[in-house]
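>
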Amino acid sequence: MPFFTNRMNNQKEFDLVAIGDTAVDCFIKLRDAHLTCEINKETCQICMHFGDKIPYEEVYILPGVGNSPNASIGASRLGLKTALITNLGKDQSGQNSLDVFTKNGVNTDFIDVQVDKKTNYHYVLWYINDRTILIKHEEYTYTLPSFSTPSWIYLSSLSENSLDYHYEIIRYLNEHPEIKLSFQPGTFQIKFGSEELIELYKRSELFFCNKEEAQGILKTKEEDPKILLLKMHELGPKIIVITDAEKGAYLYTDNECWSIPSFPDQNPPLERTGAGDATASTFTTAIALGKTTLEALTWSMINARSVINHVGAQTGLLTREEIERKATTAPEDYRPTKL
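In the working numbering, each residue's number is its place in the sequence shown (first place is 1) plus 1153.
#1: In angstroms with no decimal places, state the Cα-to-Cα distance between K1289 and N1273.
#2: Runs of 3 residues minimum, wholly inside the segment 1220-1263: which ones carry the beta strand (DSSP E) assignment?
#3: So which of D1244, L1287, D1283, G1258 has the shortest CA-CA distance to D1269?
#4: Under 8 Å, do D1430 and A1480 count as touching if we go by C-beta distance?
#5: Using three-state DSSP, classify I1332 as helix, strand or coil.
#6: Among T1294, Y1276, T1285, I1281, which has the Cα closest to the Cα of I1264?
#7: Touching or not, the segment 1374-1387 and the segment 1427-1444, by the rule of three or more beta carbon pairs under 8 Å?
#8: Among E1291, V1460, E1358, L1334, which one has its Cα closest to the Cα of I1476?
#9: Taking the CB atoms as reference points, tell me whether D1168 and P1303 lie closer together than 8 Å.
#10: Hey, would you say R1458 sits closer than 8 Å to D1418, going by beta carbons?
#11: Taking 8 Å as the cut-off, decide whether the C-beta atoms of P1422 and N1282 are in contact.
#12: DSSP on L1350, reduced to helix/strand/coil?
#13: Please determine, among R1356, L1371, S1347, the residue with the shortest C-alpha to C-alpha distance to E1331.
#14: How far does the alpha helix (DSSP H) with R1478 in it reach, from first residue to last?
#15: Report the residue from S1301, V1212, I1322, Q1248 whose alpha carbon sits nearest the alpha carbon of R1184.
#16: Which residue from I1226, S1221, G1217 puts its Cα closest to that of S1248?
#17: Considering only the alpha carbon of each residue, which of V1170, I1199, Y1320 lies closest to D1262?
#18: May I have the straight-line CA-CA distance separating D1284 from E1365, to the nearest angstrom?
#19: Helix, strand or coil: how does DSSP classify T1373 here?
#20: Does V1460 come out as helix, strand or coil in the three-state DSSP assignment?
#21: What are the start and end residues of each continuous beta strand (DSSP E) run of 3 or more residues lying completely inside the segment 1401-1459, in chain order?
#22: Thinking T1426 and V1277 are a contact (beta carbons under 8 Å), I'd like their distance in whole angstroms, please.
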């Protein structure tokens, strides 16, 4: 039987309920490594001497992270009343994660602490300003708890044994057509295939992925962002944002396609973890707060740029006041343009 952290208080009203796996990220900042990249391709490999003792510079241990946890915290900082549906092991990593959620104003009533499982623990190899993540998802027993109807469900990364759980989420959404879905598929959700999760794609008010993920979902090598947006829309999502690293992001909304560059900053990125989560959660929150899609796109780029100036996905997440202040001081020519 699931052990939820607070069974007595689970009918509160929420603006956004996020669903997805939680992990602890252990950042290891590497020094003695190098990159090997294929000629004329973007694919690179990080290389270290096999069998050596390799020095590292620093270690940062960040509990309570993951696409959906990051989104719930990002939305909370921007003023939404949020809750998180996730699984933790009954261990110190799980307790540390609960402390992070509570500190950031995320309701923990629906967190399932499973006594026979460990909390997910990932190792992040940080080299220069990017990272390679070694992941391991515990095989949790997934159960959708009873909770009051929120305005938004934010769904993201779950483990490879969660397919039936997705069907349960689809049934819940079908029973509550008034709920809007924001879908940011994770690794295994993409591997399931759009055909398997087509009801989620069709149900998505908002949909987020990066360019490479879009190519994988659509099974194409297409590079044109406008074509990727239009093909993704054919799967069902109403509003789509595709990010493209330092190039910025692309938006489909109301039969139009838009682009926006990364938000300008005089400082080089420190570390890129969480930029996509910041983009997706900030855009979702801005829409929930009544902003237009173009305003939401600008907000999301501001928050994503702040995140990559810090270590990890949460430290750099801004408040609404901070985003609005940065928006007013942006260059006059910084705005979305139609594709």
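Backbone N, C-alpha and C define an ideal beta-carbon position, used for all residues, glycine too.
To lay it out plainly:
#1: Position 136 of the sequence shown holds residue 1289. Position 120 of the sequence shown holds residue 1273. One C-alpha to the other measures close to 7 Å.
#2: 1235-1238, 1240-1242
#3: Here residue 1269 refers to the residue found at position 116 of the sequence shown. Looking at the Cα atoms, D1244 is the closest of the given residues.
#4: Here residue 1430 refers to the residue found at position 277 of the sequence shown. Here residue 1480 refers to the residue found at position 327 of the sequence shown. Not in contact: D1430 and A1480 (Cβ atoms no closer than 8 Å).
#5: Translated into positions along the sequence shown, residue 1332 becomes position 179. In this structure, I1332 counts as coil in the three-state DSSP scheme.
#6: The residue you call residue 1264 lines up with position 111 of the sequence shown. Looking at the Cα atoms, T1294 is the closest of the given residues.
#7: no
#8: Stepping through the sequence shown from its first residue, residue 1476 is reached at position 323. The option with the nearest alpha carbon to I1476 is V1460.
#9: On the sequence shown, position 15 is the one that residue 1168 refers to. On the sequence shown, position 150 is the one that residue 1303 refers to. Cβ distance < 8 Å, so D1168 and P1303 count as in contact.
#10: By one-based count along the sequence shown, residue 1458 stands at place 305. By one-based count along the sequence shown, residue 1418 stands at place 265. Yes, the pair counts as a contact, with Cβ atoms nearer than the cut-off.
#11: Within the sequence shown, the letter at position 269 stands for residue 1422. Within the sequence shown, the letter at position 129 stands for residue 1282. Against a cut-off of 8 Å, the Cβ pair of N1282 and P1422 comes out as a contact.
#12: Here residue 1350 refers to the residue found at position 197 when the sequence shown is read from its first residue. Three-state DSSP puts L1350 in coil, outside helix and strand.
#13: Looking up residue 1331 in the sequence shown gives position 178. It is R1356 whose Cα lies nearest to the Cα of E1331.
#14: In the sequence shown, residue 1478 corresponds to position 325, counting from 1. It spans 1473-1481 - the alpha helix (DSSP H) in which R1478 sits, taken as one unbroken run.
#15: As a working mapping, residue 1184 is identified with position 31 in the sequence shown. Nearest option by C-alpha distance: V1212.
#16: Counting from 1 along the sequence shown, the entry for residue 1248 is found at position 95. Per the sequence shown, residue 1248 should be read as Gln rather than Ser. Comparing Cα-Cα distances from Q1248 to each of I1226, S1221, G1217, the minimum goes to G1217.
#17: Position 109 of the sequence shown, counted from the start, is the residue given in the question as residue 1262. Ranking the options by Cα distance to D1262, first place goes to V1170.
#18: In the sequence shown, the residue the question calls residue 1284 occupies position 131. In the sequence shown, the residue the question calls residue 1365 occupies position 212. One point to set straight first is that residue 1284 is Arg, not Asp, in the sequence displayed. Going from the Cα of R1284 to the Cα of E1365 covers about 16 Å.
#19: Counting from 1 along the sequence shown, the entry for residue 1373 is found at position 220. Looking at T1373 - three-state DSSP - the assignment turns out to be coil, as it is neither helix nor strand.
#20: The count along the sequence shown starts at 1 and reaches residue 1460 at position 307. V1460: helix per DSSP, three-state reduction.
#21: 1402-1406, 1409-1413
#22: On the sequence shown, position 273 is the one that residue 1426 refers to. On the sequence shown, position 124 is the one that residue 1277 refers to. So it is a contact: roughly 7 Å between Cβ atoms.
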